[in-house]
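K.L.:
Residue numbers (the numbering used here): -17 to 371.
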């Protein structure tokens, strides 16, 4: 459309020079140039070919021979612009994929750090009244999710059990959400709870903003709500469910409890997002932690979609005397972003190191650091001499 408009405008203004070769600057070639910069080399070839066909039709043969150089120059400039657009488009896509991974990784690390800190703080005060710790509850919940991978909200009863113990919920329910519509029948509940009011202002805002809301978050708007807390179960696929709390102790309505609830629901929703891929791998390698498998799957997706490589390095320490010490030294040589998992193999201690979004040079540098450290401490010139496979 843009090329046709440019050719028509040029023909109206200067019918005797349809390609604009007689002017000081061939403005008509701005159309294919802009298309090439916006849409890449395919658009550049198409637009330039259209201009060439138009020139063959409109210009006499002798006139065409004298204007061959401007036509060839415009065609080449359009192709160069198209190649430039393709090159930087691919680079931007790779950078966006890398930034998306780092953002997702930071979110997961923040949630895990908060869960770890909060579980340690609550362990002492809740040990006498709670027979199961938060860590045990999460482990049990992950096990149930592997047993029922086909459920839309697997192990949701276990999730409600953890929330009831940790947040002291007295009357609450979780409902499934499909295509933005809430199922009025709760998939699990605690205590005596009334029928769902889907148009409650707190529920409507929570679904729209995909964040936890409570009576104290916006008193001016939430005073009309019949619920104390409403929180969505959301991941990258959207909202999977929603938690509504009708009754809980007033002292539990604090920032710490609300943060705990937000983190736990987000952790559960993220497990659902990767559960279909995690479950078979966990059965095949039960020693690998679920978090390690999840990171491995995310990096595999990025490699398929953006061709950004990551490396998985494995070591087996066969030295029966210093094998454990070498294992600990090797684990210390990794970068902060790397993920380490220690396993036991028939040959001895085993270390798996996942190096996200770094090429072969980073993996080679990691091996050199370990080899140098082993040489400084144990006097072995090479890893093979130290019994490291």
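Even for Gly, the Cβ is constructed at its ideal location relative to N, Cα and C.
(1) Which first and last residues belong to the beta strand (DSSP E) in which residue 209 is found?
(2) Between the C-alpha atoms of residue 113 and residue 104, what's the straight-line distance to the nearest angstrom?
(3) So the candidates are 178, 173, 214 and 210; which of them puts its Cα closest to the Cα of residue 188?
(4) What's the gap between the Cα of residue 154 and the Cα of residue 341?
(5) Please report the distance separating the alpha-carbon of residue 386 from that of residue 184.
(6) Would you give the residue range spanned by the beta strand (DSSP E) that residue 228 belongs to?
(7) Note down the Cα distance separating residue 27 from residue 313, rounded to an integer number of angstroms.
(8) Is there contact between the segment 223 to 239 and the segment 77 to 97, where contact requires at least three CB pairs shorter than 8 angstroms?
(9) According to DSSP, simplified to helix, strand and coil, what is residue 323?
(10) With the cut-off set at 7 angstroms, would you say residue 276 and residue 256 are in Cβ contact?
(11) Across which residues does DSSP place residue 337 in a beta bridge pair?
(12) Would you report the Cα separation of residue 259 and residue 285, rounded to the nearest angstrom?
(13) Looking only at its chain, what residues have a beta carbon closer than 7 angstroms to the beta carbon of residue 95, apart from the 5 residues adjacent to it on each side?
(14) Mapping the DSSP letters down to three states, classify residue 332 as helix, strand or coil.
(15) In whole angstroms, what separates the C-alpha of residue 352 from that of residue 252?
(16) On the three-state DSSP scale, how would you describe residue 356?
(17) Just tell me which of 292, 328 and 159 has its CA closest to the CA of residue 225.
(18) By Cβ distance below 7 angstroms, which residues in the same chain neighbour residue 206 in space, the five residues on each side in sequence not counted?
(19) Is the Cβ-Cβ distance between residue 16 and residue 25 less than 7 angstroms?
(20) Tell me the residue span of the beta strand (DSSP E) that contains residue 170.
(21) Whole angstroms are fine: how far does the CA of residue 157 sit from the CA of residue 178?
(22) Please report the straight-line C-alpha distance between residue 186 and residue 70, rounded to a whole angstrom.
(23) Here's the rule I'm using: 16 or more other beta-carbon atoms within 10 Å means buried, otherwise exposed. How should residue 232 be labelled?
(24) Apart from the five residues just before and just after residue 320, which ones in its own chain have a Cβ nearer than 6 angstroms to its Cβ?
(25) In this structure, does DSSP put residue 158 in helix, strand or coil?
(26) Could you tell me which residues DSSP puts in a beta bridge with residue 298?
(27) Going by DSSP, what residues sit across from residue 196 in a beta bridge?
(28) Take residue 306 as the anchor and find which of 292, 139, 330 and 322 has the nearest alpha-carbon.
(29) Considering residue 263, what are the terminal residues of the alpha helix (DSSP H) in which it resides?
(30) Go ahead and pull the three-state DSSP assignment for residue 275.
(31) Have a look at the DSSP bridge pairing and note the partners of residue 164.
(32) What are the boundary residues of the alpha helix (DSSP H) that includes residue 179?
(33) Where does residue 216 fall in DSSP's three states?
(34) Considering only the beta carbon of each residue, do residue 93 and residue 212 sit closer than 7 angstroms?
(35) For residue 153, which beta-bridge partners are listed by DSSP?
(36) What number of angstroms, rounded off, separates the C-alpha of residue 271 from the C-alpha of residue 66?
P.N.:
Taking the definition as stated:
(1) First-last for residue 209: undefined, no H or E at that position.
(2) Note on residue 113: pLDDT 44, under 50, position unreliable in the model; the coordinate value appears next. Straight-line measurement puts the Cα of residue 104 at about 13 angstroms from the Cα of residue 113.
(3) Of 178, 173, 214 and 210, the smallest CA-CA separation from residue 188 is found for 214.
(4) Cα to Cα, residue 154 sits roughly 49 angstroms from residue 341.
(5) Summary: the structure shown does not reach residue 386, with the chain confined to residues -17 through 371, and so no result is reported for it.
(6) Taken as a continuous stretch (DSSP letters only), the beta strand (DSSP E) holding residue 228 covers 220 to 229.
(7) One C-alpha to the other measures close to 53 angstroms.
(8) No, because fewer than three Cβ pairs between the segment 223 to 239 and the segment 77 to 97 fall closer than 8 angstroms, the two stretches do not touch.
(9) Correct three-state label for residue 323: strand.
(10) Taking 7 angstroms as the Cβ cut-off, residue 276 and residue 256 qualify as a contacting pair.
(11) Residue 337 pairs with 293.
(12) C-alpha separation (whole angstroms): 16 angstroms.
(13) Around residue 95: no qualifying Cβ.
(14) Three-state DSSP puts residue 332 in a strand.
(15) Distance between the alpha carbons of residue 352 and residue 252: 34 angstroms.
(16) In the three-state DSSP reduction, residue 356 falls in the helix class (H, G or I).
(17) Distances from the CA of residue 225 to each of 292, 328 and 159 were compared; the closest alpha carbon is that of 159.
(18) Only 183 meet the Cβ criterion.
(19) In terms of Cβ geometry, residue 16 and residue 25 do not form a close pair [threshold 7 angstroms].
(20) Residues 170 to 172.
(21) In this structure, the alpha-carbon of residue 178 lies about 9 angstroms from that of residue 157.
(22) Each residue's Cα considered, the two are about 41 angstroms apart.
(23) Exposed: under 16 other Cβ atoms inside 10 Å.
(24) Its chain contains 335 and 337 as the residues whose beta carbon lies nearer than 6 angstroms to that of residue 320, once the 5 sequence neighbours on both sides are disregarded; these appear in chain order.
(25) Note: residue 158 maps to strand in three-state DSSP.
(26) Per DSSP, the beta-bridge partners of residue 298 are 332.
(27) 211, per the DSSP bridge assignment.
(28) Closest option to residue 306, Cα to Cα, is 330.
(29) Per DSSP, the unbroken alpha helix (DSSP H) holding residue 263 starts and ends at 237 to 266.
(30) If DSSP states are grouped into helix, strand and coil, residue 275 belongs with the helices.
(31) Looking at the DSSP assignment, residue 164 forms a beta bridge with 159.
(32) Where residue 179 is concerned, there is no enclosing alpha helix (DSSP H), given that its DSSP letter is neither H nor E.
(33) Collapsing the DSSP output to three states places residue 216 in a strand.
(34) It is not a contact, given that the beta carbons lie outside the stated cut-off.
(35) Answer by DSSP bridge pairing, in chain order: 229.
(36) Within the model, the alpha-carbon separation for residue 271 versus residue 66 is close to 44 angstroms.
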